[in-house]
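Colleague: Right, I'll just put the structure down here and ask away after.
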Amino acid sequence: IPKNNHTKYREKNNIKTNILTAITTIYHKITVTLFAIFFVTFVSLTFYTVKADVTRTSQQGLTGNSSVFWKAAAISVCWENMNYKKQRLIVRKAITETWEKHANIRFLKWDKCSSSSKGIRITVADEVSHTTGLGTSINGKKRGMVLNFTFNKWNKLCNVRHGIDQYYGCLRSNAVHEFGHALGLSHEQNREKENFFCHAKNQGSSGGFYITPYDKRSIMNYCSTRKYTNHTLSKLDILGIQQIYGSSGSSSKRPNSRMARWYLSSSAKPDWRWLNTADDKNIQAGDFDGDGYSDVFVSRGGYWYISYAGKTKWSRVNRANATYLKIGDFNGDGKSDIFTKKNGYWYVSYGATTRWKRINRAGEKWLRFGDFDGDGKTDVLSIDKGEWKLSSGGTSRWRRINRASDRGVRTGDFNGDGKTDMFVAKGGKWYVSYSGTTRWKQINRSSKTDLILADFDGDGKTDILYKDQHHFRISYAGVTRSKIVYRNAEPKNNKLITGDFDGDGKDDVLMRWKP
4 IPKNNHTKYR
14 EKNNIKTNIL
24 TAITTIYHKI
34 TVTLFAIFFV
44 TFVSLTFYTV
54 KADVTRTSQQ
64 GLTGNSSVFW
74 KAAAISVCWE
84 NMNYKKQRLI
94 VRKAITETWE
104 KHANIRFLKW
114 DKCSSSSKGI
124 RITVADEVSH
134 TTGLGTSING
144 KKRGMVLNFT
154 FNKWNKLCNV
164 RHGIDQYYGC
174 LRSNAVHEFG
184 HALGLSHEQN
194 REKENFFCHA
204 KNQGSSGGFY
214 ITPYDKRSIM
224 NYCSTRKYTN
234 HTLSKLDILG
244 IQQIYGSSGS
254 SSKRPNSRMA
264 RWYLSSSAKP
274 DWRWLNTADD
284 KNIQAGDFDG
294 DGYSDVFVSR
304 GGYWYISYAG
314 KTKWSRVNRA
324 NATYLKIGDF
334 NGDGKSDIFT
344 KKNGYWYVSY
354 GATTRWKRIN
364 RAGEKWLRFG
374 DFDGDGKTDV
384 LSIDKGEWKL
394 SSGGTSRWRR
404 INRASDRGVR
414 TGDFNGDGKT
424 DMFVAKGGKW
434 YVSYSGTTRW
444 KQINRSSKTD
454 LILADFDGDG
464 KTDILYKDQH
474 HFRISYAGVT
484 RSKIVYRNAE
494 PKNNKLITGD
504 FDGDGKDDVL
514 MRWKP
């Protein structure tokens with residue numbers, strides 16, 4: 004190499020070295036990152052898979068088979084083999100602390116089985132804990148229930164060598180789970196769909212009787228999010244078993260297990276909690292006492308009833324035979340009123356408690372309601388002959404605000420300006436007319452048309468919820484891609500209404516759930 008080229012050569016060589024070093028470093032980082040992702044994913048999936056295997060059995064929240072529920076409150080229990088005295092006492096105590104504590108059922112005797120023993124016959128064996136069926140189908144059946152007390156061949160992580168606390172936790176958890184089957188309950192995960200972390204296959208009978216909404220914390224769920232040694236019942240486990248057998252200490256008469264109940268999902272999130280028991284279908288939401296909590300309204304038999312915050316018993320508040328009933332705040336006092344139309348006149352009952360007051364005269368048929376001018380009062384918008392006309396507060400004369408022929412329109416505040424906008428879904432697209440005065444503006448693409456409009460995140464903008472048999476999906480402000488916020492929203496025929504039932508400024512979903 005010529006002398007005058009030595010420097011250039013060294014520079015080029017250094018550049019090549021630096022490039023190779025950089026490439027090596029990047030490759031190393033990518034390799035480490037990919038390994039970390041793989042390791043975390045593997046551990047996560049392994050954790051859930053092991054948890055499912057360790058936690059539950061290989062046979063059958065809350066779901067069940069209504070044809071095999073026990074009619075008697077007292078159910079006999081016997082043991083085919085009488086060894087393992089301490090473990091048998093632990094099992095009995097666990098059942099007393101769970102199913103017996105919360106439901107009107109008692110497990111009696113707990114002695115040695117005879118050839119003619121009825122009820123639940125338990126065999127202790129080092130094999131998969133299971134029941135051979137649900138509820139009364141195992142009545143008097145030998146080996147109707149099998150419990151494992153050693154965990155030498157199955158669920159080895161429960162073996163005593165892994166710790167006495169874990170061992171006892173497994174004893175309790177498995178026993179409570181199997182006694183759930185003995186009471187007629189099937190595996191909760193049998194109705195779960197598309198859960199990435201749940202790799203447990205459907206096991207045993209699906210039951211087909213959906214007692215409560217899907218419960219990810221159920222003792223009957225292979226993929227329960229709780230620690231596998233936790234033998235306690237979830238809130239929905241307790242509500243479900245009480246719906247079947249009644250609460251502890253109640254009368255011997257079994258409740259109507261098919262009675263509808265109301266469950267609340269705060270901000271449309273996965274955790275359901277029980278609010279009330281009522282069979283009415285045509286329910287609506289509004290804040291009739293102005294306390295910031297949505298109430299439930301129903302018209303039945305010529306009377307109006309309100310359940311305040313959805314928690315109280317029905318209170319009869321008025322008497323009226325009208326069938327066309329809409330809810331809004333027509334005087335701006337912060338309390339919901341009832342609107343009706345009849346023979347070309349409009350009437351309002353303020354707070355749902357006053358007599359009808361005539362507020363206007365109009366014969367238009369296609370009406371929508373909302374605060375289109377942002378003055379705090381509900382306005383009435385008419386859609387007729389390609390024109391949108393507005394009556395402010397429902398009391399003023401009509402004034403034309405727009406031209407549009409769409410009748411399948413909905414209302415919401417999609418830009419958060421305090422004024423109601425018009426929304427329509429058609430042709431695989433969503434459109435908004437702001438304040439009902441602008442031209443249609445496309446805000447999203449979606450073929451979904453069966454939509455629920457409410458503000459689930461409390462930002463002042465209306466969100467769009469779509470419910471199918473297995474999911475709740477939300478598009479926030481109607482502009483984001485739909486996000487799954489809840490799985491297993493079945494069955495389809497359950498009534499959903501929205502309102503702020505917990506007073507946190509975010510709309511919730513109230514579900515009328517009928518098994």
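Count the sequence shown with my numbering and you get residues 4 to 518, in order.
All C-beta atoms, glycine included, are put in the ideal place defined by N, C-alpha and C.
Source: prediction; values computed, not measured.
#1: Once you ignore the five residues that flank Ser-237 on each side, which residues in its own chain have a CB closer than 6 Å to its CB?
#2: Identify which residue in Ile-404, Gly-313 and Phe-372 has its Cα closest to the Cα of Asp-332.
#3: Helix, strand or coil, according to DSSP, for Asn-233 in the structure here?
#4: Which of the three DSSP states is assigned to Val-512 in this structure?
#5: Measure the C-alpha to C-alpha separation of Ile-108 and Gly-187 and round it to an integer number of angstroms.
#6: Going by other Cβ atoms of all chains shown within 10 Å of its Cβ, with 16 needed for buried, is Asn-324 buried or exposed?
#7: Do you know offhand how far Ser-352's Cα is from Thr-134's?
#8: Given a threshold of 16 other Cβ atoms within 10 Å of its Cβ, counted over all protein chains shown, does Ser-47 qualify as buried or as exposed?
#9: Since Asp-416 and Lys-464 should fall inside the 8 Å C-beta cutoff, what is the C-beta to C-beta distance between them, to a whole number of angstroms?
#10: Where do the N-terminal and C-terminal ends of the alpha helix (DSSP H) with Ile-98 fall, by residue?
#11: Could you tell me which whole beta strand (DSSP E) segments of length 3 or greater appear in the region 150–190?
#12: Excluding the 5 residues flanking Val-301 on each side, which residues of the same chain have their C-beta closer than 7 Å to its C-beta?
#13: When DSSP labels each residue in this structure, what does Asp-240 get in the three-state scheme?
#14: Starting from the Cα of Lys-121, find the closest Cα among Met-148, Arg-303, Asp-424 and Phe-154 and give me that residue.
#15: Could you give the residue range of the beta strand (DSSP E) that holds Glu-526?
#16: Do Lys-115 and Trp-82 come within 8 Å of each other at the CB atom, strictly closer than that value?
#17: Between the Cα of Met-85 and those of Leu-150, Arg-364 and Lys-345, spot the shortest distance and give me the residue it belongs to.
#18: Where Arg-364 and Ser-394 are concerned, what is the direct C-alpha to C-alpha distance, given to the nearest angstrom?
#19: What does a CB cutoff of less than 6 Å around Asp-507 pick up in its chain, not counting 5 residues either side in sequence?
#20: Once DSSP output is grouped into helix, strand and coil, what is the label at Ala-428?
#21: If you follow the beta strand (DSSP E) that Ala-288 is part of, which residue opens it and which one closes it?
#22: My guess is that Phe-504 and Ala-312 are in contact by the Cβ rule of under 8 Å, so how many angstroms apart are they, rounded?
#23: Please name the residue in Tyr-348, Trp-277, Ala-355 and Gly-481 whose C-alpha comes closest to that of Arg-361.
#24: Checking the sheet assignment: what are the DSSP bridge partners for Cys-584?
#25: Following the continuous beta strand (DSSP E) through Asn-447, name the residue where it begins and the one where it ends.
#26: From Ala-106, Gly-138 and Tyr-479, pick the residue whose C-alpha is nearest to that of Asp-458; which is it?
#27: In the structure shown, what three-state DSSP assignment does Trp-359 receive?
#28: In chain order, what residues of the same chain lie with their CB nearer than 8 Å to the CB of Asp-274, ignoring the 5 residues before and after it?
#29: Hey, quick one: how far does the beta strand (DSSP E) through His-474 stretch, first residue to last?
#30: Indicate whether the contact test is met: 3 or more Cβ pairs, each with one atom in the region 414–434 and one in the region 370–388, closer than 8 Å.
#31: Give me, in chain order, the residues of the same chain whose beta-carbon lies closer than 6 Å to that of Gly-337; leave out the 5 immediate sequence neighbours on both sides.
#32: Measuring alpha carbon to alpha carbon, tell me which residue in Trp-102, Ile-93, Leu-92 and Cys-161 is nearest Ala-76.
#33: Pick from Thr-440, Gly-421 and Asp-466: whose alpha carbon is nearest that of Trp-433?
#34: Taking all protein chains shown into account, do 16 or more other C-beta atoms lie within 10 angstroms of the C-beta of Leu-513, making it buried, or fewer, making it exposed?
#35: Using only the alpha-carbon positions, how far apart do Thr-356 and Cys-226 sit?
#36: Let me check understanding here. Comparing Cα to Cα, which of Gly-396, Leu-137, Trp-317 and Lys-429 lies closest to Ile-330?
Modeller: Result, derived from the coordinates:
#1: Here residue 237 refers to the residue found at position 234 when the sequence shown is read from its first residue. Spatial neighbours of Ser-237 in its own chain (CB-CB distance under 6 Å, excluding positions within 5 residues in sequence) are listed in chain order as Asp-218, Arg-220 and Ser-221.
#2: Within the sequence shown, the letter at position 329 stands for residue 332. Residue Phe-372 is the option with its Cα nearest to Asp-332.
#3: Taking the sequence shown and counting its residues from 1, the one referred to as residue 233 is at position 230. When DSSP states are grouped into helix, strand and coil, Asn-233 belongs to the coil group.
#4: As a working mapping, residue 512 is identified with position 509 in the sequence shown. Val-512 falls in the strand class under three-state DSSP.
#5: Taking the sequence shown and counting its residues from 1, the one referred to as residue 108 is at position 105. Taking the sequence shown and counting its residues from 1, the one referred to as residue 187 is at position 184. Going by the C-alpha atoms only, they are around 13 Å apart.
#6: If you number the sequence shown from 1, residue 324 lands on position 321. The residue is exposed, with fewer than 16 neighbouring Cβ atoms inside 10 Å.
#7: Here residue 352 corresponds to residue number 349 of the sequence shown, with the count starting at 1. Here residue 134 corresponds to residue number 131 of the sequence shown, with the count starting at 1. Answer to the nearest angstrom: the Cα atoms are 58 Å apart.
#8: Residue numbering aside, residue 47 sits at position 44 when the sequence shown is read from its first letter. Because the pLDDT of Ser-47 is 39, which lies under 50, any placement of that residue in the model is unreliable, and the question is left without a value.
#9: Taking the first residue of the sequence shown as 1, we reach residue 416 at position 413. Taking the first residue of the sequence shown as 1, we reach residue 464 at position 461. At roughly 6 Å, the Cβ-Cβ gap stays under 8 Å, so Asp-416 and Lys-464 are in contact.
#10: Taking the sequence shown and counting its residues from 1, the one referred to as residue 98 is at position 95. 88–98 is the span of the alpha helix (DSSP H), which, as asked, contains Ile-98.
#11: none
#12: If you number the sequence shown from 1, residue 301 lands on position 298. Closer than 7 Å at the Cβ level, and outside the excluded window around Val-301, lie Asp-283, Asn-285, Ile-286 and Tyr-308.
#13: Mapped onto the sequence shown, residue 240 falls at position 237. In the three-state reduction of the DSSP assignment, Asp-240 falls in the helix class.
#14: Translated into positions along the sequence shown, residue 121 becomes position 118. Here the closest residue by C-alpha is Met-148.
#15: This structure gives no information on residue 526, because the portion of the chain shown stretches from 4 to 518.
#16: Looking up residue 82 in the sequence shown gives position 79. Looking up residue 115 in the sequence shown gives position 112. Yes, they are a contact pair.
#17: As a first step, residue 85 must be located in the sequence shown, where it is residue number 82. Nearest C-alpha to Met-85: Leu-150.
#18: Numbered from its first residue, the sequence shown carries residue 364 at position 361. Numbered from its first residue, the sequence shown carries residue 394 at position 391. Their Cα atoms are separated by approximately 11 Å.
#19: Walking along the sequence shown from the start, residue 507 turns up at place 504. Cβ within range, chain order: n/a, list empty.
#20: Taking the sequence shown and counting its residues from 1, the one referred to as residue 428 is at position 425. Residue state, collapsed to three classes: strand.
#21: Your numbering for residue 288 matches position 285 in the sequence shown. That run of the beta strand (DSSP E) goes 287–289.
#22: Mapped onto the sequence shown, residue 504 falls at position 501. Mapped onto the sequence shown, residue 312 falls at position 309. Going by Cβ atoms, the distance from Phe-504 to Ala-312 rounds to 6 Å, so yes, they are a contact pair.
#23: Your numbering for residue 361 matches position 358 in the sequence shown. The option with the nearest alpha carbon to Arg-361 is Tyr-348.
#24: Here the chain covers residues 4 to 518 and nothing more, so residue 584 does not appear.
#25: Position 444 of the sequence shown, counted from the start, is the residue given in the question as residue 447. 444–448 is the extent of the beta strand (DSSP E) around Asn-447.
#26: Within the sequence shown, numbered from 1, the residue matching residue 458 stands at position 455. Checked all of Ala-106, Gly-138 and Tyr-479; the closest Cα to Asp-458 is Tyr-479.
#27: In the sequence shown, the residue the question calls residue 359 occupies position 356. In the structure shown, Trp-359 sits in coil (DSSP, three-state: anything other than H, G, I, E or B).
#28: Locating residue 274 in the sequence shown gives position 271, counting from the first residue. Closer than 8 Å at the Cβ level, and outside the excluded window around Asp-274, lie Ser-268.
#29: Your numbering for residue 474 matches position 471 in the sequence shown. First-last of the beta strand (DSSP E) with His-474: 474–478.
#30: For the pair of segments examined, the region 414–434 was found to touch the region 370–388: the number of CB pairs separated by less than 8 Å reaches three.
#31: The sequence position of residue 337 within the sequence shown is 334, counting from 1. Contacts found: Gly-293.
#32: On the sequence shown, position 73 is the one that residue 76 refers to. For Ala-76, the nearest C-alpha among the options comes from Trp-102.
#33: Taking the first residue of the sequence shown as 1, we reach residue 433 at position 430. Residue Asp-466 is the option with its Cα nearest to Trp-433.
#34: Against the sequence shown, residue 513 aligns to sequence position 510. Result: buried.
#35: By one-based count along the sequence shown, residue 356 stands at place 353. By one-based count along the sequence shown, residue 226 stands at place 223. Roughly 49 Å separates the two Cα atoms.
#36: By 1-based counting over the sequence shown, the position of residue 330 is 327. Checking every option, the nearest Cα to that of Ile-330 belongs to Gly-396.
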